[in-house]
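Residue 218 in the numbering used here sits at position 207 of the sequence shown, and the numbers go up by one each step.
Every residue gets a Cβ at the ideal spot worked out from N, C-alpha and C, and that includes glycine.
Everything numeric in this text was worked out from a predicted model, so none of it was measured.
In what follows, a structure is listed as structure tokens, so that the remarks can point back to it.
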Amino acid sequence: MPKPVVPEEKRRRRRPTRSGTVLSEELIVRTALRMLREHGSAGLTARRLGLALDADPSTLYRYFRGMDDLTLAIGDALIGQALEGWEPTGEWRRDLRDVGLRIHAAYVAHPQAALLTTSRVTGRANELAADEAVLGILRTAGFPLPDTVRIYHAFIDQTLAFAALDAASLALPSAALDEDEARWRSTYARLPADRYPRIAEAAPLLAQHMITSAYPTALEMLLDSVERQVDNAPQGARGTARPATTDLRPPDGRSSQGL
Numbered sequence: 012m013p014k015p016v017v018p019e020e021k022r023r024r025r026r027p028t029r030s031g032t033v034l035s036e037e038l039i040v041r042t043a044l045r046m047l048r049e050h051g052s053a054g055l056t057a058r059r060l061g062l063a064l065d066a067d068p069s070t071l072y073r074y075f076r077g078m079d080d081l082t083l084a085i086g087d088a089l090i091g092q093a094l095e096g097w098e099p100t101g102e103w104r105r106d107l108r109d110v111g112l113r114i115h116a117a118y119v120a121h122p123q124a125a126l127l128t129t130s131r132v133t134g135r136a137n138e139l140a141a142d143e144a145v146l147g148i149l150r151t152a153g154f155p156l157p158d159t160v161r162i163y164h165a166f167i168d169q170t171l172a173f174a175a176l177d178a179a180s181l182a183l184p185s186a187a188l189d190e191d192e193a194r195w196r197s198t199y200a201r202l203p204a205d206r207y208p209r210i211a212e213a214a215p216l217l218a219q220h221m222i223t224s225a226y227p228t229a230l231e232m233l234l235d236s237v238e239r240q241v242d243n244a245p246q247g248a249r250g251t252a253r254p255a256t257t258d259l260r261p262p263d264g265r266s267s268q269g270l
């Protein structure tokens, strides 16, 4: 049975580590992100994290129920980092675009962490605040509830799927990543036109585009689809936009905090 997590107020009264560091959940998550960036997921263990913090590894279990709980906290921290300082404008398309690009960018900035967390549901404060924000954008714009949930599902899954795909590339050893990118020029650009006519004509553009993320394009295509749905809806079914009230405060009222 997992050990109970010590309440936050009791953690703050803990003695400093041997080097004088006062542990906190934020510090542990920040250190874990650094270890993931430097050593990959295989390098993130309780023992190594304890060494990096100059603390006994068992101390970590006062803050997290286990390494999986820490993984969820890392994912939630990335979401908080993505949306720190974000405010809705009341323009649903602009707001969705901004939220999507922010979340995608936060994950690809930490590719090793993204590989661990994009498929997880944390249920933590930043994730809940982000979900509330996206649903609020759509409902404030006047979308019916079933459409809101459907669009939200497509939007968030698309964002996380591209984040995972792009992070997987960035997490490759640099030599492998360079080889993959060069292959668009060394292989695709040299294919015979009589056998691969469509690839041959597209090769220069493929070499230019395929080494970048397609997420911004895919996001615009999704937003175009949603906008067409609005334009084609019967006049009485479009809903009336209401003043934007969405913010990113977690349920306890505190502002979302990034790393």
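Residue i lies in the alpha helix (DSSP H); which residues open and close that run?
i    : result
R45  : E36 to H50
A204 : No alpha helix (DSSP H) contains A204, which DSSP labels as neither H nor E.
A57  : A57 to L64
L107 : W103 to V119
D191 : S185 to S197
V160 : L156 to L181
T133 : Run containing T133: none; DSSP gives neither H nor E here.
P227 : Y226 to N243
G153 : From DSSP, G153 is part of no alpha helix (DSSP H); its letter is neither H nor E.
M78  : M78 to L94
Within a Cβ cutoff of 8 Å, which residues of the same chain sit near residue i, ignoring the five residues on either side of it in sequence?
i    : result
R22  : At R22, the pLDDT of 49 sits below 50, so the modelled position is not reliable; the number obtained from the coordinates is stated separately. Hits under 8 Å: L34, S35, E36, R73 and Y74.
A218 : W195, R196, Y199 and A200
E231 : R108
L83  : T128, R131, T133, G134 and R135
A116 : A93
T32  : L38, L64, D65 and A66
N243 : none
From the options, pick the residue whose C-alpha is nearest to that of residue i; which is it?
i    : options                   : result
S52  : A213, N243 and L127       : L127
Y118 : R239, S236, G91 and W103  : G91
E98  : H121, S69, E143 and H115  : E143
I162 : Q240, D79 and E190        : Q240
M221 : N243, D191 and E238       : D191
L139 : G86, T100, P122 and P157  : G86
N137 : A124, L89 and R104        : L89
S180 : A204, H121, E231 and P157 : H121
N68  : A43, R48 and A182         : The question names Asn, but residue 68 in the sequence shown is Pro. Minimum Cα distance to P68 is reached at A43.
E49  : L62, A182, G96 and D65    : A182
L81  : R41, D65, G96 and T223    : R41
A141 : A124, R113 and P155       : R113
M46  : L38, L55 and R76          : L55
A174 : G101, A187, A229 and D79  : A229
R104 : D235, D242 and L156       : D235
L188 : H164, P155 and T223       : T223
D79  : E102, A124 and L62        : A124
G1   : E95, L62 and R58          : Residue 1 is absent from the structure shown; the chain starts at 12 and stops at 270.
A214 : A193, L60 and L71         : A193
For residue i, which residues in the same chain have their Cβ closer than 7 Å to its Cβ, ignoring the five residues on either side in sequence?
i    : result
F166 : L107, G111, V145 and L233
T159 : L146, L149 and R150
A204 : A211
V237 : I162
G247 : Residue placement at G247 is flagged as unreliable, the pLDDT there being 48, under the threshold of 50; the coordinate-derived value follows with that caveat. Answer for G247: no residue qualifies.
L71  : I39, A57, L60 and G61
P184 : none
Of all the CB atoms in chain C, is at least one closer than 8 Å to the CB of residue i?
i    : result
V110 : Protein chain content of the structure displayed is limited to a single chain, and chain C is not contained in it.
Identify, in the order they occur along the chain, each residue of the same chain with its Cβ nearer than 6 Å to the Cβ of residue i, setting aside the five sequence neighbours on each side.
i    : result
D177 : V119 and S224
Y226 : H115 and F173
Is the segment 158 to 178 in contact with the segment 199 to 209, if contact means three or more CB pairs nearer than 8 Å?
Contact check between the segment 158 to 178 and the segment 199 to 209: fewer than three CB pairs, one atom from each, fall below 8 Å, which does not count as touching.
With three or more C-beta pairs closer than 8 Å as the rule, is the segment 148 to 159 touching the segment 203 to 212?
no
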